[in-house]
Amino acid sequence: PEACGRALGYLVDYGDYLEKRKGARYIKDKAAAVKPNRDVVERLLASPSSILNEYDSKKILAEYGISITREQLATDLFEAKAIAEKIGYPLVLKVLSPDIPHKTEAGVIKLGIDSEESLEKGFNEVIAKARDFTKDARIDGVLIQEMAEKGIEVIVGMSQDAQFGPTLMFGLGGVFVEVFKDVALRVVPISSLDAREMIDETKGSILLKGYRGMEKMDIEEIVSTLL
1 PEACGRALGY
11 LVDYGDYLEK
21 RKGARYIKDK
31 AAAVKPNRDV
41 VERLLASPSS
51 ILNEYDSKKI
61 LAEYGISITR
71 EQLATDLFEA
81 KAIAEKIGYP
91 LVLKVLSPDI
101 PHKTEAGVIK
111 LGIDSEESLE
121 KGFNEVIAKA
131 RDFTKDARID
141 GVLIQEMAEK
151 GIEVIVGMSQ
161 DAQFGPTLMF
171 GLGGVFVEVF
181 KDVALRVVPI
191 SSLDAREMID
201 ETKGSILLKG
211 YRGMEKMDIE
221 EIVSTLL
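Be aware that the sequence shown starts at 1, since it is given in UniProt numbering, and climbs by one per residue.
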């Protein structure tokens, strides 16, 4: 009787699963419409470094239609000032180094750069901190980046599972992903319903939806990125 009851329970669950997916659509046209420049992508992926830096990673994302911040790499202060004038303030400064994969711990990030004076001071400070953190650090330059509006950082990742193949991950980003390990996984392709379920499965989803007066995040933009 117990086995029979469990079997019936599984059938009910499966029926609920099918019912929920009646309106689900797998967005194939969106992926087909993206036409990345293969030469650019392959050149960036051919980097000799074992870790692809933020600047090159975001260039690849842009090739696949994912929105990124406006940014350029400066190898000296003169270039930094020219880039800042082009992008406009406020800005973020980030040292780009294959020897410093975790910038926060090294203190090589400066937020809220709002003038040429603070740019000059911040540029020199992050370079000095990079040298202090790792004496022989190879420094590719300083990323001059437009400062995004205040929000909640999320992470979207893809890995190749040995059994299931391409697997998509979603969760809170930044330092939170390592502290809380609050992520949801799906085997691709996914539907818009799957994307929303991934978001809802994470404990951090309550923050994205405006917890206790917090500003609501753009859930539809997250869904679009996951798709």
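Every residue gets a Cβ at the ideal spot worked out from N, C-alpha and C, and that includes glycine. In this text the structure is predicted, and so the values were computed from the model without any measurement.
Figure out for me which residue from the options has the closest Cα to the Cα of residue i.
i	options	result
valine 142	Ile83, Glu149 and Leu185	Ile83
glutamate 63	Leu45, Val34, Asn53 and Tyr55	Val34
tyrosine 89	Glu79, Gln145 and Phe133	Gln145
phenylalanine 110	Glu220, Glu116, Pro98 and Phe123	According to the sequence provided, residue 110 is lysine. The question's phenylalanine does not apply to it. The residue with the shortest Cα to Cα distance from lysine 110 is Phe123.
isoleucine 139	Lys103, Gly174 and Ser192	Lys103
isoleucine 219	Val187, Leu185, Ser50 and Phe170	Phe170
alanine 184	Gln163, Val154 and Arg212	Val154
glutamine 163	Ala148, Val187 and Leu11	Val187
threonine 134	Glu117, Met158, Ser97 and Val156	Ser97
valine 108	Glu116, Leu119, Ser118 and Leu93	Leu93
valine 177	Pro189, Ala195 and Thr202	Thr202
alanine 195	Ile68, Glu221, Pro48 and Gly174	Glu221
valine 223	Phe180, Leu168 and Gly174	Leu168
glutamine 72	Asp56, Val41 and Gly65	Asp56
proline 189	Met214, Lys181, Tyr211 and Met158	Met158
glycine 95	Lys209, Asn53 and Leu208	Checking the displayed sequence, the identity of residue 95 turns out to be valine instead of glycine. Per the Cα distances, Asn53.
lysine 59	Gly151, Arg38, Leu11 and Met217	Arg38
methionine 198	Met214, Val179, Leu172 and Arg212	Leu172
leucine 208	Gly151, Asp99 and Asp161	Gly151
leucine 61	Pro166, Val40 and Asp161	Val40
phenylalanine 78	Glu149, Met147, Met214 and Leu119	Leu119
proline 36	Asp76, Asp132 and Ile66	Ile66
glutamate 215	Glu149, Ser50, Asp132 and Arg6	Glu149
aspartate 76	Met217, Glu42 and Glu125	Glu125
threonine 69	Tyr211, Met147, Asp200 and Asp161	Met147
Since residue i is in the alpha helix (DSSP H), which residue starts that stretch and which ends it?
i	result
leucine 45	38–45
aspartate 76	Aspartate 76 -> no alpha helix (DSSP H), and no H or E assigned at all.
valine 34	Segment: none, valine 34 is in no alpha helix (DSSP H) and carries neither H nor E.
tyrosine 55	54–63
serine 224	219–226
In the DSSP assignment, what residue or residues form a beta bridge with residue i?
i	result
glutamate 71	Gln145
Since residue i contacts residue j with CB under 8 Å, what's their CB separation in whole angstroms?
i	j	result
leucine 227	serine 192	6 Å
leucine 91	isoleucine 113	4 Å
glutamate 116	lysine 81	6 Å
alanine 106	lysine 121	Contact flag wrong, Cβ pair sits at about 18 Å.
alanine 137	isoleucine 100	6 Å
threonine 225	valine 156	6 Å
Inset, instruction - Kindly provide the ranges of any beta strand (DSSP E) runs that are 3 or more residues long and lie completely inside the segment 143–217, ordered along the chain. - result: 154–161, 165–172 and 183–187
Inset, instruction - Note down, one range per segment and in chain order, each alpha helix (DSSP H) of at least 4 residues found wholly within the segment 82–140. - result: 103–106 and 116–133
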